[in-house]
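Novice: Quick one: the structure is below, questions incoming.
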Amino acid sequence: MHYEQSIRKLKHRLHDHFGNALNQVIVFGSVARGAVTADSDIDLIIVLDDDLTEINWRVEDAILDLAYPLELEDDVIFDLKVMGKQAMQEKFRDMPLIERVRQEGIIV
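Numbering-wise, the sequence shown is residues 0 to 107 according to numbering that gives the first Met the number 0.
Structure (C-alpha coordinates):
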(Lines of atoms letter the chains of each structure in order from A and count residues from 1; the text may use other names and numbers.)
(Lines give C-alpha, C1' and ligand atoms only; values in the text may rest on other atoms or scores of the structure.)
Protein backbone atom coordinates (compact mmCIF):
# COMPACT_ATOMS: atom_id res chain seq x y z
CA MET A 1 0.00 0.00 0.00
CA HIS A 2 1.01 3.59 -0.50
CA TYR A 3 -0.23 4.93 2.82
CA GLU A 4 3.20 6.12 3.96
CA GLN A 5 3.64 8.17 0.80
CA SER A 6 0.18 9.73 1.15
CA ILE A 7 0.89 10.62 4.79
CA ARG A 8 4.20 12.25 3.84
CA LYS A 9 2.51 14.25 1.07
CA LEU A 10 -0.21 15.48 3.42
CA LYS A 11 2.32 16.42 6.09
CA HIS A 12 4.28 18.38 3.49
CA ARG A 13 1.12 20.23 2.40
CA LEU A 14 0.21 20.95 6.01
CA HIS A 15 3.70 22.29 6.73
CA ASP A 16 3.60 24.48 3.62
CA HIS A 17 0.26 25.93 4.77
CA PHE A 18 0.76 26.20 8.55
CA GLY A 19 4.56 26.47 8.84
CA ASN A 20 5.86 26.20 12.38
CA ALA A 21 2.30 26.21 13.75
CA LEU A 22 2.19 22.54 12.74
CA ASN A 23 3.50 20.72 15.81
CA GLN A 24 2.96 17.07 14.96
CA VAL A 25 1.20 14.67 12.67
CA ILE A 26 0.49 11.37 14.40
CA VAL A 27 -0.74 8.28 12.60
CA PHE A 28 -2.70 5.74 14.64
CA GLY A 29 -5.18 2.96 14.01
CA SER A 30 -4.70 0.14 11.53
CA VAL A 31 -1.94 1.90 9.58
CA ALA A 32 0.14 2.42 12.75
CA ARG A 33 -0.49 -1.15 13.88
CA GLY A 34 0.46 -2.58 10.50
CA ALA A 35 -3.00 -4.13 10.18
CA VAL A 36 -4.01 -2.39 6.96
CA THR A 37 -6.75 -3.89 4.81
CA ALA A 38 -8.16 -2.77 1.48
CA ASP A 39 -10.88 -0.88 3.39
CA SER A 40 -8.55 0.90 5.82
CA ASP A 41 -8.58 4.64 6.17
CA ILE A 42 -5.66 6.68 7.46
CA ASP A 43 -6.28 7.91 11.01
CA LEU A 44 -4.30 11.06 11.78
CA ILE A 45 -4.14 13.52 14.64
CA ILE A 46 -2.94 16.90 13.45
CA VAL A 47 -1.51 18.88 16.36
CA LEU A 48 -1.31 22.63 15.82
CA ASP A 49 -0.43 25.62 17.97
CA ASP A 50 -3.22 26.23 20.46
CA ASP A 51 -4.08 29.68 19.17
CA LEU A 52 -5.10 28.11 15.84
CA THR A 53 -7.29 25.40 17.28
CA GLU A 54 -9.91 27.03 19.41
CA ILE A 55 -12.04 24.73 17.25
CA ASN A 56 -11.84 27.19 14.44
CA TRP A 57 -13.85 25.91 11.49
CA ARG A 58 -11.61 27.83 9.09
CA VAL A 59 -8.58 25.83 10.20
CA GLU A 60 -10.44 22.56 9.83
CA ASP A 61 -11.74 23.61 6.40
CA ALA A 62 -8.21 24.51 5.30
CA ILE A 63 -6.98 21.08 6.39
CA LEU A 64 -9.79 19.33 4.56
CA ASP A 65 -9.05 21.42 1.46
CA LEU A 66 -5.44 20.22 1.61
CA ALA A 67 -6.37 16.58 2.20
CA TYR A 68 -9.24 16.08 -0.26
CA PRO A 69 -7.28 16.42 -3.52
CA LEU A 70 -4.72 13.99 -2.13
CA GLU A 71 -7.47 11.51 -1.29
CA LEU A 72 -8.55 11.64 -4.93
CA GLU A 73 -5.00 11.47 -6.30
CA ASP A 74 -3.87 8.56 -4.12
CA ASP A 75 -7.22 6.77 -3.69
CA VAL A 76 -7.05 6.93 0.11
CA ILE A 77 -9.36 8.18 2.83
CA PHE A 78 -8.05 10.29 5.69
CA ASP A 79 -9.83 10.38 9.04
CA LEU A 80 -8.47 13.61 10.50
CA LYS A 81 -8.66 14.92 14.05
CA VAL A 82 -7.33 18.43 14.71
CA MET A 83 -6.16 19.42 18.18
CA GLY A 84 -4.13 22.06 19.89
CA LYS A 85 -0.94 20.90 21.56
CA GLN A 86 -1.91 21.99 25.07
CA ALA A 87 -5.47 20.73 24.70
CA MET A 88 -4.20 17.31 23.68
CA GLN A 89 -1.82 17.19 26.65
CA GLU A 90 -4.25 18.56 29.24
CA LYS A 91 -7.89 18.90 28.27
CA PHE A 92 -8.28 15.69 26.27
CA ARG A 93 -5.55 13.57 27.85
CA ASP A 94 -7.98 11.15 29.52
CA MET A 95 -10.10 10.55 26.43
CA PRO A 96 -10.00 6.96 25.15
CA LEU A 97 -8.98 8.21 21.70
CA ILE A 98 -5.94 10.04 23.07
CA GLU A 99 -4.99 7.01 25.16
CA ARG A 100 -5.10 4.90 21.99
CA VAL A 101 -2.95 7.46 20.19
CA ARG A 102 -0.42 7.33 23.04
CA GLN A 103 -0.28 3.54 22.88
CA GLU A 104 -0.06 2.99 19.14
CA GLY A 105 0.57 6.38 17.57
CA ILE A 106 3.57 7.06 15.37
CA ILE A 107 4.79 10.63 14.90
CA VAL A 108 5.53 11.26 11.24
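In this text, a Cβ means the ideal position worked out from N, Cα and C, and glycines have one as well.
Keep in mind it's a predicted model, so treat the numbers as computed, not measured.
Could you work out which residue in Thr36, Ile45, Gly33 is closest to Ala86 when comparing CA atoms only?
Specialist: Closest by alpha carbon: Ile45.
Novice: Cβ atoms of Phe77 and Ala61: under 8 Å apart, would you say?
Specialist: Against a cut-off of 8 Å, the Cβ pair of Phe77 and Ala61 comes out as no contact.
Novice: Suppose only complete runs of 3+ residues qualify. What are the beta strand (DSSP E) ranges in the segment 49 to 105, listed by chain order?
Specialist: You should have 77 to 83.
Novice: First and last residue of the alpha helix (DSSP H) that includes Asp15?
Specialist: First-last of the alpha helix (DSSP H) with Asp15: 2 to 17.
Novice: If we ignore side chains and look at the alpha-carbon of each, how far apart do Gln88 and Asp73 end up?
Specialist: Taking the straight line from one Cα to the other gives about 32 Å.
Novice: Compute the distance between the beta-carbons of Gly83 and Asp49, then report whether it is under 8 Å.
Specialist: It is a contact, given that the beta carbons lie within the stated cut-off.
Novice: Candidates Lys10, Ala31, Ala37: which alpha carbon is nearest Leu47's?
Specialist: The shortest Cα separation from Leu47 among Lys10, Ala31, Ala37 belongs to Lys10.
Novice: Let me check understanding here. Comparing Cα to Cα, which of Ala31, His14, Gln23 lies closest to Tyr2?
Specialist: Comparing Cα-Cα distances from Tyr2 to each of Ala31, His14, Gln23, the minimum goes to Ala31.
Novice: Could you please give the first and the last residue of the uninterrupted beta strand (DSSP E) stretch that includes Val26?
Specialist: First-last of the beta strand (DSSP E) with Val26: 21 to 27.
Novice: State yes or no: is the C-beta of Val75 within less than 8 Å of the C-beta of Ile25?
Specialist: Cβ atoms of Val75 and Ile25: not closer than 8 Å.
Novice: Which stretch, first to last residue, makes up the beta strand (DSSP E) that contains Val46?
Specialist: Note, Val46: beta strand (DSSP E), 41 to 47.
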